[in-house]
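The working numbering puts the sequence shown at residues 268 to 620. Positions of the beta carbon are idealized from the N, C-alpha and C atoms, including for glycine. Since the model is a prediction, treat every value here as computed from it, not as a measurement.
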Amino acid sequence: MSQFWSPLVRTLTPYVPGEQPKVSGLIKLNTNENPYPPSPAVMAAMHAVTADSLRLYPDPDSSQLKQTLAAYHKVKPEEIFVGNGSDEVLAFVFMALLKHDAPLLFPDITYSFYPVYCKLYGIDYDEVALTQQMEISTADYIDRDCGAIIFPNPNAPTGIPLPLSTIENLLIAKPNTLVVVDEAYVDFGGETAMPLTQRYPNLLVVRTFSKSRSLAGLRVGFAVGHKDLIDGMERVKNSFNSYPMDRVAVAGAIASYQDEAYFQKTLSDVITNREQTTQALQKLGFSVLPSSANFVFATHSAFSAEQLAAGLRERAIIVRHFKHPRINQYLRISIGTQEECSKLIEALTQLTT
Ligand code: PMP
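Written as C-alpha cells, this is what we have:
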C-alpha cells in the first residue's frame, strides 16, 4: 500500500482470476475456456490484416463488427455495444447503467466479479440466495426494491439455466428495473433472451466470444439492448476516448461469425463431452448439477472437494475449487476434449475408489 493510493483503492479486494499456469503439459479445466481451437477461418482473417491498416487507428464505432453481429442476431447495429471481452463490456454497464439509489441485486452464488465491480464503482448491492436446489428464483427478485438486477444465464458456477418465460415474467413484473442477463455460456444449451430486447427496453443481454467461440485470448464481448441503453454506455466509453476493438480482433471476430458450421460442430462436441463426463462422474458417486454450460459443478458426499482438487493437481489436472462456505464442497470442472475428460475421470477414479 502506498500513501498515494486513494481511499477507494485502499478498500478494494481485487478479483482473483482462475490460474493460468506457467508450465505446460497440464490438463487445464479451471477457467471454462473452450478446449477446441477457433475456426481456421478466424486465423486466416487475422493473418490477412495488412501492415498498412495497422498503421491506422481502428474504427472507433467498430461498425463492421456491429453489422455482422446485428445481421446474425436479428437486431439493429445501434442496439449493440462492443468491448474487449465481456468483462470490459460489464464495466461499462456498471458505470453507465447500474448506479442507482437502490441496490443492485444478484445471486449469492454467481460470477464473483459483480461485487468487485460494485465496490470499484460505488454501487450498493444485495445478494439474493439461490434456492435449496441451487437455482435462481426470480420471485425473490420481484418482491424486493432494487435499482437493477444482474445474473448469468446459465448461472455460474452452477451451470443451471433459467427458462426464457421466467426471464420474460421478470421483465414484465419490473418494467422500471433494468435487468442485465450475462449470457457468457448460453450457447451450450441455454435459451437466449436476445429476441426479448426488441420488446423490453429494460433488458440488456451481455455476450462473450471467450467460451463458445474459442476466443478467450482475443478479448471480444458485446451487449445488446434498447438503443437508449447502448447510447448511455457509448457516452461513458467516448468519455474515455477508448477504442473498443483493435483491427486484428475485429477481423477475427467477424470471421468467427462467418464459419457457422465450425461453430456448431464445436458446440455439439463440447455438449457431448459434458453429457459423457456428467454420467461418468455420477457413476463415481458425484452429484452433478444439471448444466447447460461448458462446465459442470459436482460434489461427492464422501470426499472433500478441496482434497480432490489437490489430488487432481498432483496428477497434472487443474479444476476450480471455491472457498465460499456454501459451495466449498463442489468442484467446478470445465469441459475439455474427450481425451482430457477421460483422463479426468481416470484420475478421479483413483482418488475415490
Ligand atoms: N460473465 C461470466 C458469467 C463469466 O464466467 C465470465 C468469464 N470468467 C465473463 C463474464 C467474462 O468473460 P470475458 O471477459 O472473457 O468475455
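Remark: the C-beta of Tyr384 is outside contact range of ligand 1, defined as less than 6 Å to any heavy atom. When DSSP states are grouped into helix, strand and coil, Ser291 belongs to the coil group. For ligand 1, residues qualifying as neighbours are Gly352, Ser353, Asp354, Tyr378, Pro419, Ala423, Asp449, Ala451, Thr475, Ser477 and Gly488, where qualification means a beta carbon closer than 5 Å to at least one of its heavy atoms (chain order). Annotation for Ser601: the continuous beta strand (DSSP E) segment containing it runs Tyr597 to Ser601. Distances from the alpha-carbon of Tyr282 to those of Ser320, Cys385 and Phe348 put Cys385 closest. Ser320 is classed as exposed because its beta carbon has fewer than 16 other beta carbons within 10 Å across all chains shown. Contact between Ala576 and Gly426 does not hold, since their C-beta atoms are separated by about 18 Å, which reaches or exceeds 8 Å.
Note that the C-beta distance between Tyr510 and Pro325 is below 7 Å. Annotation: the continuous alpha helix (DSSP H) that includes Ser353 extends over Ser353 to Leu364.
Ser554: member of the beta strand (DSSP E) spanning Phe553 to Val555, first to last residue. Within the segment 491 to 556, the complete beta strand (DSSP E) runs of at least 3 residues fall at 553 to 555.
Per the Cβ contact rule, the segment 491 to 502 is not in contact with the segment 277 to 291 (fewer than 3 Cβ pairs under 8 Å).
Straight across, the Cα-Cα distance linking Arg582 with Tyr597 is about 19 Å. For Glu458, there is no enclosing alpha helix (DSSP H), as DSSP marks it with neither H nor E.
Looking at the backbone, the Cα of Pro428 and that of Asn420 are separated by about 5 Å. In the three-state reduction of the DSSP assignment, Pro274 falls in the helix class.
The C-alpha of Leu293 is placed about 19 Å away from the C-alpha of Thr544. In the DSSP annotation of this structure, Ala415 is not part of any alpha helix (DSSP H); the continuous beta strand (DSSP E) holding it starts and ends at Ala415 to Pro419.
Contact between the segment 463 to 475 and the segment 343 to 353 is present, with at least three C-beta pairs closer than 8 Å. For Arg474, the enclosing beta strand (DSSP E) stretches over residues Leu470 to Thr475. Within a 10 Å sphere around the beta-carbon of Leu485 sit 16 or more other beta-carbons, which makes this residue buried.
Rounded to whole angstroms, Phe418 and His314 show a C-alpha spacing of 37 Å. When the beta-carbon positions are compared, Asn469 and Pro430 stay at least 7 Å from each other.
With 16 or more other CB atoms across the displayed protein chains lying within 10 angstroms of its CB, Phe564 is buried.
The beta carbons of Tyr303 and Asp536 sit about 7 Å from each other, so the pair counts as a contact at 8 Å.
When secondary structure is reduced to three states using DSSP, Ile403 falls in the coil class, being assigned neither helix nor strand. Under DSSP, no beta-bridge partner is assigned to Gly484. Here the C-alpha atom of Asp391 lies approximately 44 Å from the C-alpha atom of Lys550. When C-alpha distances from Phe455 are compared across Val487, Ile439 and Arg541, the shortest belongs to Arg541.
By alpha-carbon distance to Arg587, the top candidate from Asn297, Tyr339, Val276 and Leu548 is Asn297.
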